[in-house]
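Engineer:
Numbering (my numbering), first residue to last: 2 to 244.
(1) Quick one: give me the first and last residue of the alpha helix (DSSP H) that residue 19 is part of.
(2) Reducing DSSP to helix, strand and coil, say where residue 206 ends up.
(3) How would you label residue 194, buried or exposed, when you count the other beta carbons within 10 angstroms and need 16 or more for buried?
(4) Report all residues from its chain with a CB closer than 7 Å to the CB of residue 144; omit the five preceding and five following residues, and keep chain order.
(5) When the Cβ atoms of the region 163 to 174 are set against those of the region 195 to 215, are three or more pairs found closer than 8 Å?
(6) Please state the DSSP three-state secondary structure of residue 143.
(7) Is there contact here, the region 98 to 113 with the region 42 to 58, by at least three beta-carbon pairs under 8 Å?
(8) With a threshold of 8 Å on Cβ separation, who are the neighbours of residue 152 within its own chain once the five nearest residues in sequence on each side are excluded?
(9) Taking Cβ positions, are residue 157 and residue 78 nearer each other than 9 Å?
(10) Measuring only the C-alpha atoms, how far is residue 93 from residue 154?
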């Protein structure tokens, strides 16, 4: 029985994640075109990942992606742990100092420092979490680790946030200004749900067989992305023009 207060979506995400207990951790696993287990990759920094290309499974964010896709439909938490912790689907944030007291099943716990998030897991309640932790292990239930570089937790909204869209393509960069010549900010390794605050006409870009001069501002990233890499019309419906 899950703690009272968790949304139906969060409860379904917990159940979906727990159904994967015993499945292999694989570095890069779970980040295919659709949510679900995939064969992993070798992590050059981790000798334990040598067999990950032979193992069907998930990495930490791949498991979170799969659980919430099963729970909510669609693909609301595509992306890596950083993107999920900063997703426009986040409804509420909890500082590391708050511990587990305010958390509900389905909340996402994250680890990292200096703005970098390297691990994410799903809270179960009673100080426990389900996680895909590292190469050489299987998805398991663990005690929540509040020490080290624990960065806090987030609660995912039960319904899609307004103004949300999905990116497409791989290794897509955002920029500090609506121009490909401006400094790069963040890279989306694959399709990622983002919130668009506004859009404007700026530098014309040609990519993937398309040409477009529309750029969208992503407030969670403080950055711009060409509309070429946002699913939808060239000029997004229902999005205001930037001042």
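All residues carry an ideal CB built from backbone N, CA and C; glycine is no exception.
Structural biologist: On the basis of the coordinates in this document:
(1) 9 to 19
(2) strand
(3) buried
(4) 128 and 129
(5) yes
(6) strand
(7) no
(8) 86, 97, 111, 112, 113, 114 and 118
(9) yes
(10) 9 Å
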